Amino acid sequence: MGDTAVAAAPVADVVHGEKRERAHSDMGELLNSPSAALMTLVDCDHLNDFNAVCEYLAVHAQEVVREVHGEGQPRHQGRLTIDNHRVMLNCPPAPEEGDSHGHILMKTISERSCELGISMKREFRVCDEGDKMHVREDICKGGDTMSHTEAHIPKKFAATKK
3 MGDTAVAAAP VADVVHGEKR ERAHSDMGEL LNSPSAALMT LVDCDHLNDF
53 NAVCEYLAVH AQEVVREVHG EGQPRHQGRL TIDNHRVMLN CPPAPEEGDS
103 HGHILMKTIS ERSCELGISM KREFRVCDEG DKMHVREDIC KGGDTMSHTE
153 AHIPKKFAAT KK
């Protein structure tokens, strides 16, 4: 992971039509961040990027999980979820003895809203399968699943022992 610049300037949010200022940006908004790059790819605005998501995860999944969990960042240690107000990225904790968490490495949810509510939802689920990962994408519109895509991809990152 390269050098990451953190801007201290407030970040604007729009909540229920009212603009509010946050003191700091979320980790998912940092430039050159593995999670920020993934969150861009899985956003509802990038529906044709399934292969790009798989290619990115094959190389960077481990970095994304470490970043979400706050490794090397004492203030964020143990965190499980980050978001950039467009995509929520969740990485469950490492499995404990007798509990595999379904081997889930990460889940993402991106929603598009209109005046009537949520008009589209895009979800990714990434599961560890040893030397491969299972990536599944579901796109729902109006409450119905419109698209379901999945792939088994080889891991290209170097495994690290804890």
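Taking this note's numbering, I'd label the letters of the sequence shown as residues 3 to 164.
Quick reminder that beta carbons are idealized off the backbone N, C-alpha and C, glycines included.
Please read all numbers here as calculations on a predicted model, not as lab measurements.
Looking only at its own chain, which residues have a Cβ that is under 8 Å from the Cβ of residue i, when we skip the five neighbours before and after it?
| i | result |
| --- | --- |
| Leu-82 | Val-70, His-71, Asn-92, Cys-93, Pro-94, Pro-95 |
Quick check: the Cα distance between residue i and residue j, rounded to an integer number of angstroms?
| i | j | result |
| --- | --- | --- |
| Lys-134 | Pro-156 | 4 Å |
| Asp-51 | Pro-76 | 33 Å |
| Gln-64 | His-154 | 16 Å |
| Glu-117 | Lys-123 | 15 Å |
Does the Cβ-Cβ distance between residue i and residue j come in under 8 Å?
| i | j | result |
| --- | --- | --- |
| Val-44 | Val-55 | yes |
| Val-128 | Met-108 | yes |
| Ser-149 | Cys-46 | no |
| Val-137 | Leu-59 | yes |
Which residues does DSSP list as the beta-bridge partners of residue i?
| i | result |
| --- | --- |
| Phe-126 | Thr-110, Glu-139 |
| Val-89 | Ser-112 |
| Ser-149 | Ile-141 |
| Lys-134 | Glu-131, Pro-156 |
Quick one, which of the options has its alpha-carbon nearest residue i's?
| i | options | result |
| --- | --- | --- |
| Cys-142 | Gln-79, His-136, Ile-120 | Ile-120 |
| Ser-115 | Arg-68, Val-137, Gly-145 | Gly-145 |
| Val-61 | Glu-73, Ile-84, Thr-147, Pro-36 | Pro-36 |
| Asp-85 | Thr-42, Gln-79, Gly-74, Glu-73 | Thr-42 |
By Cβ distance below 6 Å, which residues in the same chain neighbour residue i in space, the five residues on each side in sequence not counted?
| i | result |
| --- | --- |
| Glu-139 | Phe-52, Phe-126, Thr-151 |
| Ala-130 | The question names Ala, but residue 130 in the sequence shown is Asp. Excluding positions up to five away in sequence, the list reads His-105, Leu-107. |
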